[in-house]
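One structure is given here, and the rest of the page talks about it.
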Amino acid sequence: MARKLQFIAILFFSFWHVELYGQDNVLLQRDVLDLEDIRSIEDVEGLKVVSGSRSSKDPADLPFTIYVITREEIIRNGYITLTDVMKRVPGIKVSQPGGAEEGELFLMRGFKGNQYTKILVNDIPIQPSTTGSFPIAAQLPIRQAERIEVIFGPASSIYGADATAGVINIITKGAKDGTFAHADAELGQFGYNYLNFTVGGKVGKSSSILEYAFYGSSSSTSDLNVVYDEDFLYHPLAVFQLSYPDSTFNINGTNYLPLEINDEMLEKEGVDPEDFKKELYQPFYEGTTSSPEFSSIPQSSRQLGVELKYKGWTFRYSDMYRKVHSSVAISTYHYSRSYPQVFLGEYIRRGTVSYEKSWEKISSTTNLSYLSLRQDNNSAHSVNYPNLENSNIAYLYQASDDLFLEQYFTYQPTDKVELVMGATYQYSGNLPKTNELESPFDIKSYAPFSLERTRPHPVYGFFGYNPLRFSNAAGYVQLFYSVKKLRFMLGLRGDRDSRYGAKINPRIAFLYELTPNAKLYTSYGTSYRAPSSLLAYSSLVVPYDATNMKLSYQIVPNPDLKAETFSAVELGYRHNLNKNWSLNMSGYFNQIEDLIVPQVVSLDTVLYPNGAPGDTRTFLNSSSATSTLFGLQMTVKGKDIIPSVKLMTDLHISLSEGKEILPDGGTKISLFREMPGYIGQLNVSLFPTKNLYLNFTNTMTSSWLRSFIPDADQVNEPLYKIDGYYTLDFLGRYYISTNISSYVRVTNVFDKKYGGIAATGLDVDLIYNPQPGRNIQVGLSFNLE
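All the letters of the sequence shown, read from the start, carry residue numbers 365 to 1149 under my numbering.
As structure tokens, this is what we get:
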């Protein structure tokens, strides 16, 4: 800690020196305090966005719901992770932490954003193909962003697979406007510390100018502060009551529900708790009958990046790493929290080369990207059940390599017409997540795009080792037409994937200008979610009878998965009421079919002759399963409500109602799992004095239905409903000078105990995903632009 404090002091002394030097040599006229919050499109004069159409557009002309989070807002409010940003976007529900595999989670119009939202960095996909989602922590360049564009609704007509709930594009800051620098240092409770830096500038003269930017960050906490309600939330036997609602334990003639079992009750019945655990609990379980033994639950991440621009060429490279305790939010019957050193972690590295060229009416963009994922080969679960070596450590590994090439042209014959035409090609090599291993995976045994298998396991054979290659080729076209008060957009994309065949996805959208300050828009589009290798090749086998070499196949792969299909309609209205107030309303309808769901199936004894008798699980497309969601979003924004203190407020209200047809027998339920019927968000910010900025973020939700329910009869049972919550987050920032500020952040001010989004959506999740209690951090920021 002393070394970290010393480093922070040196860092800020250095930047203070830069500031003092700069004040003698650089004329800084910007009023850094006169800024706005997250901006709806009517509030952003002169700002252009690229995510909605693949070309630079005035967001007010785009016929769908879009929000832009500017650099000023990111820096001022101290956003560090993508989920920090999404928490402030209308209608978004977040979970921090979420789960070990996917990191922090967010729901976007009912769907898990890590999987159903296309996440881009500088307009190029960042999600590895083997996982199909991005594990969110502080390893993305959020503090380095010039802006973040959030597009609601399907966009597969431009971006292909997984752009179903929407698109998020993180645009990093370049040095077009000259030298800039930024740094943050932050300390907090539970061993939290965070450092980041960004420097950029340009060298050269005339047309031979090189723009450069370098950045990095490091974040860690020794404990996520999510342990409470131990005898209920973390009860090991909860997994039985959640999965088998009628399950009971007969003790001396009395039937007890699993959650009623505890040491005190057993002792009253004359039963030794230790004997009870030996008979019914897993062999490596530690703790009482109702509460496991706990250790700290740490998390960390880091990133390094570079960007170079020269004469139309752009080179970018980023190196990201994240790790988190592997037992976050999952069953304590199967997994242990006794050991803080077990974790899941991964390295994600991406290099891109882009070239842009413009003529009088045509521009060309070429993107080449190489994306690599390597799981840290020390990633492991601490399991309560033994492996073949009678150890409680189960190692995991996965890897992928994605080569992505894109070429598109933008043709603008007149000011009213724009045509975008493009093609993409992706070539991928995957090693999906392995079966649980007795020792760390030998990383030398896997090479990019290789199909070669290592020597078979002496007992499991090649089960859980499934290297594969696949490709996707696509072409797309989009027309944007503007005439008088009408804006029209028509897009169409065709994909051909070597795994699941061809997909064609259209999007059509209109915007009509009722008055200069009032606009009506509507859109329709289809999309699809590709089956990731992680789902298709999910594999888990554990010993059943080691003496007779009988194995228990818990999950078996299904490489024949097809894509889920998605369609959506949106109708919106936005109105600048006056110079201070604006209104944005949108109604939407989403439907997803061919859902990929876990199913219990009979074990194929021909494929798995050593399998123990009984059933297993696999992932299947369910032709009967359908999810439908209706929603209404309303945002009322006010700025300079009290000019003397620059009072600003954003009120977001989201109402939704959904229904689902469950995969087991086609049973209908009148709820959309995980989605609250009501989400209210109120952000209030002001400058009570010239140098003091205050922000209050209020969030309130109604209750919702947990992801995993054993059958439709349990929909109304209290155990399967997660309570709604109200939370308040606070940030106060004091500007010491034009370029240096200090701040204090208090997350969950009232120390509310509440649940977030389920970590996996499977039967191994806790009753609810506990969110952190109150956390306090303090920090310093340096910003020179």
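Just so it is clear, CB atoms sit at the ideal spot from N, CA and C, and this is done for glycine as well.
Counting along the chain, no beta strand (DSSP E) covers M913, and no H or E run does either.
When C-beta atoms of the segment 443 to 462 are compared with those of the segment 1117 to 1136, three or more pairs fall below 8 Å, so the two segments count as touching. Under a 10 Å Cβ-count criterion, G978 is classified as exposed, with fewer than 16 other Cβ atoms of the shown protein chains found around its own Cβ. A buried status is given to T447, since no fewer than 16 other beta-carbon atoms sit within 10 Å of its beta-carbon. Between P907 and the set Y917, H745, Y901, the nearest pair of CA atoms involves Y917.
Here I500 is not near E550, since their CB atoms are 7 Å or more apart.
For N948, DSSP records a beta bridge to R938, T999. The beta carbon of Y824 sits closer than 8 Å to those of N799, V905, L915, all from its chain and outside the five residues before and after it, given in chain order. Taking all protein chains in view, the Cβ of Q705 is surrounded by fewer than 16 other Cβ atoms within 10 Å, so the residue is classified as exposed. DSSP, reduced to helix, strand and coil, places N741 outside both helices and strands of the structure shown, so it counts as coil. Between the segment 1065 to 1074 and the segment 1107 to 1116 there are fewer than three C-beta pairs closer than 8 Å, too few to call the two in contact.
A distance below 6 Å between beta-carbons, with the five flanking residues on each side excluded, links L801 to the following residues of its chain, in chain order: Y759.
For the segment 458 to 543, the continuous beta strand (DSSP E) assignments of 3+ residues that do not extend past its boundaries occur at 467 to 472, 481 to 485, 509 to 516, 530 to 536, in sequence order. DSSP places S887 inside the beta strand (DSSP E), whose first and last residues are 882 to 893.
For F604, no pairing in a beta bridge is given by DSSP. Bridge pairing for Y681: V670, G715 [DSSP]. Judged by their CB atoms, P427 and S887 are nearer to each other than the 7 Å cut-off. Annotation for P637: the continuous alpha helix (DSSP H) segment containing it runs 637 to 644. At a Cβ-Cβ threshold of 7 Å, R1097 and Y1107 count as neighbours. G455 sits away from Q963, with the two beta carbons spaced by 7 Å or more. At a Cβ-Cβ threshold of 7 Å, Q479 and S497 count as neighbours. Counting C-beta pairs closer than 8 Å gives three or more between the segment 749 to 765 and the segment 634 to 650, which meets the contact rule. Non-local C-beta neighbours of L732 in its own chain, meaning closer than 6 Å and more than five positions away in sequence, comprise V717, L769, ordered along the chain. DSSP, reduced to helix, strand and coil, places Q1135 outside both helices and strands of the structure shown, so it counts as coil.
Inter-segment contact for the segment 579 to 596 and the segment 657 to 671 is present: three or more beta-carbon pairs are separated by less than 8 Å.
Exclusion of the five residues before and after F994 leaves F953, E1021 as the residues of its chain whose Cβ lies within less than 6 Å of its Cβ. Around the beta-carbon of Y523, 16 or more other beta-carbon atoms lie within 10 Å, marking it buried.
When DSSP reads this structure, M450 sits in no beta bridge, so it has no partner. The beta carbons of E510 and I430 sit about 16 Å from each other, so the pair does not count as a contact at 8 Å.
Taking a 10 Å sphere around the C-beta of I1100, we find fewer than 16 other C-beta atoms and assign the residue as exposed. Contact check for S690 against H745 passes: the beta carbons are separated by less than 7 Å. In this structure the segment 915 to 935 lies against the segment 895 to 902, because at least three pairs of beta carbons, one per stretch, are closer than 8 Å. Two segments are said to touch when three or more pairs of C-beta atoms, one from each, lie closer than 8 Å; by this definition the segment 1006 to 1024 touches the segment 1034 to 1041.
An exposed status is given to E633, since fewer than 16 other beta-carbon atoms sit within 10 Å of its beta-carbon.
Of the candidates N742, R833, L843, the residue whose Cα lies closest to the Cα of Y775 is L843. In the displayed model, Q1078 falls within a helix according to three-state DSSP.
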